[in-house]
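Visitor: Before I ask anything, let me first share the structure, which is written out below as structure tokens.
There are 2 protein chains.
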Amino acid sequence: MYMDAARELVKMTVGQTGVNPPVGAIIVKGGEIVGIGAHLKDGDAHAEVQAIRMAKEKSKNATIYVTLEPCSHYGKTPPCVDAIIEARIKRVIFSVKDRSLKGCTDLMKDHGIEVIQESNEALEQFYAEFFHGKQLQVPITTVKVSSSLDGKVANDFSESKWITNKQVKEDVFKLRHRHDAIITGYQTIKKDNPKLTTRLRDGKSPTPIILSRSGIIDFSLDIFKDDSRNIIIITENKRLRAPYTHVTVFYLDKCNVENILKKLYASGFGRVLVESGPNVTSQFLNSDLVLHFTLYYAPKLIGGSGRYQFFQTEDIVPLHESKLFTCVKTEHIEDNLKLTFKKEI
Amino acid sequence: MYMDAARELVKMTVGQTGVNPPVGAIIVKGGEIVGIGAHLKDGDAHAEVQAIRMAKEKSKNATIYVTLEPCSHYGKTPPCVDAIIEARIKRVIFSVKDRSLKGCTDLMKDHGIEVIQESNEALEQFYAEFFHGKQLQVPITTVKVSSSLDGKVANDFSESKWITNKQVKEDVFKLRHRHDAIITGYQTIKKDNPKLTTRLRDGKSPTPIILSRSGIIDFSLDIFKDDSRNIIIITENKRLRAPYTHVTVFYLDKCNVENILKKLYASGFGRVLVESGPNVTSQFLNSDLVLHFTLYYAPKLIGGSGRYQFFQTEDIVPLHESKLFTCVKTEHIEDNLKLTFKKEI
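Each protein sequence line maps, in turn, to chains Z and B. Quick note: the first sequence uses full-length UniProt numbering, first residue 1, plus one each step. Quick note: the second sequence uses full-length UniProt numbering, first residue 1, plus one each step.
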């Protein structure tokens, strides 16, 4: 029951903790919740510490439920284990073991604290993605596509506006909100002139990451005008300089998917969304670094030659090597369909 | 309650009544079912007559529930209205009015029979397709596609076997069972050498309809060997003659979708399934004569150049004119997805 409550805190904070995992903590005493904590932002206090701050002296002899094993290391904040010991918490119930940590549980036990692991399949899966990203030093990456049933994102005239409907757009805003950054190609920026914002009340607009190998950029485009928002350009052009302070240029020797994602992770982006044209989309889907794939299908057939298929590659692979996902959810969004896929890791 | 029972009889007999609609009838007396009837085959007794035969003298003063308005015309069988009057049934409750008939209800009322229409949305939709087909003189047509998520039915090596899985194959057998005929291109027969059968216990294998404009046919292929099964070849080649009596050749001036479907309807095929390669599939999907579209998606991305997209057309249409369906059902078949679409008529 309390672990489910702690899991809700994790769901709430997805997309705002950078390369850190969202964590939720609940302190319970005498059958009542006396403290609630969540890790809100990279650099901020951890969930356990927030919960202890709320519970104050009620922490003493209380039980803390926490979604991930409390840490015992000094990162940007002091160890949670120390805070737990100091607050004289009696029992720690955590769900997922942090494979990157050692000795945390033992340390608490040495101080007479009862430590119990309570398994939770959903949380195991959730954190497995963080460990995976941490190990490879790449963000958790989602590709989003809006397509016709025959896999096209535009007709042969390159007409693509409103393949899917207004309700899908709203859903995409929610998807953007849960990511730190949106990766898109410069061609998409130039063609569609998109804002790449989250038009939801109090929604978070992710940082636009614009890919341009050549680095030939028209800085008069709308997206560069809003100086309240950081923008990153990734390029192979050593000489590219941005004329604005809110635009940062990352130079990479080679702009491939792996290098782009590693650079973004190293810059603190823990969860990125790829929302672009077929070229960038295909490159990301063709890599092994995409964990989530959200496919909005309009119940349409576009036909034509298929110049704008969302997945088109230079290499031809045998069928048994084709990219495989697992469908974890199908939803109707008015007359459109939303299919959610995951890659098994 | 009894209309739902009658509707079950309709569901059971879909795909075996040719150009006639399946109809179910239930005769009720003293709170018990005393007669059950269904139209089983074009030329056989209608549902009402079958039910009266079962109920015998119990029909007198009984109520008959029938899914479609009883007919008053001589077709291949005498009018049902006459049988109802003769059996001295007291009350007729039917669900859908047969727009192609006139005066049936009045005739029964003239004989002192109470006639009530009990609306049923599912049956209305079901029979609307029959009226539509009857009006246009074309069969109810379903296109079936097994595709990757990016709309491809094969990779660039034309490798296509088992895009979807064994469970999908089983589901396709059920789909075949509910159709009178399977339309396929000669190229598909030549390439895949398929049996086009329904390997279900006591399943019905639809008549193969092989399209070959040129009429250049290799009659040594497996499909022609089974002489217990009728096969139809549709061609623009006036001189094509089949070397077997179980193979019939239909000559058409022009083998387009409309001409093919009209010819098949005139030959007694009321419900046909298109199961072919991209060429034939695209032509049918591009016509306005396809009412049902069953799409099996494997959770795969195939990529390549897209030579084998399931929908590829010569004409490019503006997005607002793209072919539109309504998704009426999404199902998981193991790791594959089955999407069922309908065209609004």
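Just so you know, even glycine gets a beta-carbon here, dropped at the ideal spot from N, CA and C.
1. Mind checking the region 253–284 of chain B against chain Z and listing, in chain order, the residues whose C-beta falls within less than 9 Å of any C-beta there?
2. In this structure, how does DSSP classify Z:Q312 when only helix, strand and coil are distinguished?
3. Check this for me: beta carbons of Z:G98 and Z:E69, under 8 Å apart or not?
4. Drop a sphere of 10 angstroms on the beta-carbon of Z:H179, count the other beta-carbons inside from all chains shown, and report buried for 16 or more, exposed for fewer.
5. What would DSSP say about Z:K195, mapped onto helix, strand or coil?
6. Do Z:P139 and Z:R271 come within 8 Å of each other at the CB atom, strictly closer than that value?
7. Run down chain B in chain order and give the residues with a C-beta less than 9 Å from the C-beta of Z:Q50.
8. DSSP state of Z:A298, grouped into three classes?
9. Can you give me the start and stop residues for the alpha helix (DSSP H) that B:H132 sits inside?
10. Just confirm the distance between the C-beta atoms of Z:V23 and Z:A38, as a whole number of angstroms; I'd bet it's less than 8 Å.
11. Quick one, are the C-beta atoms of Z:N336 and Z:Y308 less than 8 Å apart?
12. Identify the continuous alpha helix (DSSP H) that holds B:T13 and give its terminal residues.
13. Under 8 Å between C-beta atoms, does Z:G304 make it to chain B?
14. Do you know how far the Cα of Z:L291 is from the Cα of Z:F250?
15. Taking a Cβ distance cut-off of 7 Å, strictly less, list which residues of the region 178–192 of chain B are near chain Z, in chain order.
16. Which partner residues of Z:E334 appear in the DSSP bridge assignment?
17. Go ahead and pull the three-state DSSP assignment for Z:I52.
18. Between Z:L101 and Z:S72, is the Cβ-Cβ spacing less than 8 Å?
19. Taking DSSP as the reference, what is the three-state secondary structure of B:A242?
20. Could you please give the first and the last residue of the uninterrupted alpha helix (DSSP H) stretch that includes Z:R176?
21. Beta carbons nearer than 8 Å to chain Z: which residues of the region 318–334 of chain B have them?
22. Is B:C104 helix, strand or coil by DSSP?
23. For the region 59–88 of chain Z, which segments carrying the beta strand (DSSP E) assignment without a break, of at least 3 residues, lie completely within its bounds, in sequence order?
24. Between which two residues does the alpha helix (DSSP H) harbouring B:S282 extend?
25. So that I know if they touch, is there some Cβ in chain Z lying closer than 8 Å to that of B:L40?
26. Provide the residue(s) that pair with B:P208 in DSSP beta bridges, ordered along the chain.
27. Where does the unbroken beta strand (DSSP E) through Z:V257 begin, and where does it stop?
28. Considering only DSSP beta bridges, list what B:L117 is partnered with.
29. Are Z:T330 and Z:L319 close, meaning C-beta to C-beta below 8 Å?
30. Is the Cβ of B:S148 closer than 8 Å to any Cβ of chain Z?
31. If you measure from the beta carbon of Z:D156 to each beta carbon in chain B, is any gap under 8 Å?
32. Less than 8 Å between the beta carbons of B:L252 and B:I233, yes or no?
33. Residues of chain B with a CB under 7 Å from the CB of Z:K300: which are they?
34. Contact defined as beta carbons within less than 8 Å: I believe Z:A62 pairs with Z:V28. What is the distance between those atoms, to the nearest angstrom?
35. Under a CB-based cut-off of 8 Å, is residue 363 of chain B close to chain Z?
36. For a contact defined as C-beta to C-beta under 7 Å, what are the partners of Z:E159 on chain B?
Guide: Taking the definition as stated:
1. S282
2. To locate residue 312 of chain Z, count along the first sequence from 1; it is residue 312. Three-state result, Z:Q312: coil.
3. Here residue 98 of chain Z refers to the residue found at position 98 when the first sequence is read from its first residue. Here residue 69 of chain Z refers to the residue found at position 69 when the first sequence is read from its first residue. Before going on, a small fix: residue 98 of chain Z reads as Asp here, not Gly. Their beta carbons are under 8 Å apart, which means Z:D98 touches Z:E69 by this criterion.
4. As a first step, residue 179 of chain Z must be located in the first sequence, where it is residue number 179. Buried: at least 16 other Cβ atoms inside 10 Å.
5. Here residue 195 of chain Z refers to the residue found at position 195 when the first sequence is read from its first residue. Note: Z:K195 maps to coil in three-state DSSP.
6. Position 271 of the first sequence, counted from the first residue, corresponds to residue 271 of chain Z. Position 139 of the first sequence, counted from the first residue, corresponds to residue 139 of chain Z. Cβ distance < 8 Å, so Z:R271 and Z:P139 count as in contact.
7. Within the first sequence, the letter at position 50 stands for residue 50 of chain Z. By Cβ distance, chain B contributes nothing, its closest Cβ being about 39 Å from Z:Q50, past 9 Å.
8. Walking along the first sequence from the start, residue 298 of chain Z turns up at place 298. Strand.
9. Residue mapping note: residue 132 of chain B aligns to position 132 of the second sequence, counting from 1. Note, B:H132: alpha helix (DSSP H), 121–136.
10. As a first step, residue 23 of chain Z is located in the first sequence; it is residue number 23 there, counting from the start. As a first step, residue 38 of chain Z is located in the first sequence; it is residue number 38 there, counting from the start. Right, their Cβ atoms sit about 7 Å apart.
11. As a working mapping, residue 336 of chain Z is identified with position 336 in the first sequence. As a working mapping, residue 308 of chain Z is identified with position 308 in the first sequence. For Z:N336 and Z:Y308, no; Cβs fall outside 8 Å.
12. Here residue 13 of chain B refers to the residue found at position 13 when the second sequence is read from its first residue. Segment 2–13, the alpha helix (DSSP H) holding B:T13.
13. As a first step, residue 304 of chain Z must be located in the first sequence, where it is residue number 304. It does; some Cβ of chain B falls within 8 Å.
14. Residue 250 of chain Z sits at position 250 when you count from the first residue of the first sequence. Residue 291 of chain Z sits at position 291 when you count from the first residue of the first sequence. So the two alpha carbons sit approximately 24 Å from each other.
15. none
16. As a position in the first sequence, residue 334 of chain Z is number 334, starting the count at 1. Answer is none; Z:E334 lacks a bridge partner.
17. The residue labelled residue 52 of chain Z in the question sits at position 52 within the first sequence. Helix.
18. Numbered from its first residue, the first sequence carries residue 101 of chain Z at position 101. Numbered from its first residue, the first sequence carries residue 72 of chain Z at position 72. Their beta carbons are under 8 Å apart, which means Z:L101 touches Z:S72 by this criterion.
19. Taking the second sequence and counting its residues from 1, one reaches residue 242 of chain B at position 242. In the structure shown, B:A242 sits in coil (DSSP, three-state: anything other than H, G, I, E or B).
20. Residue numbering aside, residue 176 of chain Z sits at position 176 when the first sequence is read from its first letter. Taken as a continuous stretch (DSSP letters only), the alpha helix (DSSP H) holding Z:R176 covers 166–177.
21. P318, L319, S322, K323, L324, F325, T326, C327, T330, H332
22. For the purposes of this step, residue 104 of chain B is identified with residue 104 of the second sequence, where counting begins at 1. It is helical.
23. 63–68
24. Sequence index remark: in the second sequence, residue 282 of chain B carries index 282 (1-based). Element bounds for B:S282: 278–285.
25. On the second sequence, residue 40 of chain B is found 40 positions in, with the first residue counted as 1. Cβ-Cβ to chain Z under 8 Å: no for B:L40.
26. Counting from 1 along the second sequence, the entry for residue 208 of chain B is found at position 208. Its beta-bridge partners are B:I182.
27. Here residue 257 of chain Z is taken as the residue at index 257 of the first sequence, counted from 1. Premise fails: Z:V257 lies in the alpha helix (DSSP H), 257–266, not in any beta strand (DSSP E).
28. Here the question's residue 117 of chain B lines up with position 117 in the second sequence. Reading off the sequence, residue 117 of chain B comes out as Gln, not Leu. The partner list for B:Q117 (beta bridge, DSSP) reads B:F94.
29. As a working mapping, residue 330 of chain Z is identified with position 330 in the first sequence. As a working mapping, residue 319 of chain Z is identified with position 319 in the first sequence. No, the pair does not count as a contact, with Cβ atoms beyond the cut-off.
30. Position 148 of the second sequence, counting from 1, holds the residue named residue 148 of chain B. It does; some Cβ of chain Z falls within 8 Å.
31. Indexing the first sequence from 1 puts residue 156 of chain Z at position 156. Output row for Z:D156: interface = yes.
32. Taking the first residue of the second sequence as position 1, residue 252 of chain B is located at position 252. Taking the first residue of the second sequence as position 1, residue 233 of chain B is located at position 233. Taking 8 Å as the Cβ cut-off, B:L252 and B:I233 do not qualify as a contacting pair.
33. For the purposes of this step, residue 300 of chain Z is identified with residue 300 of the first sequence, where counting begins at 1. Chain B residues near Z:K300: S322, K323, L324.
34. As a first step, residue 62 of chain Z is located in the first sequence; it is residue number 62 there, counting from the start. As a first step, residue 28 of chain Z is located in the first sequence; it is residue number 28 there, counting from the start. Between Z:V28 and Z:A62 the Cβ distance is about 6 Å, and since that is below 8 Å, they are a contact.
35. Given that chain B is displayed from residue 1 to residue 345, the structure contains no residue 363 of chain B and the question cannot be resolved.
36. Numbered from its first residue, the first sequence carries residue 159 of chain Z at position 159. Simply P318, L319.
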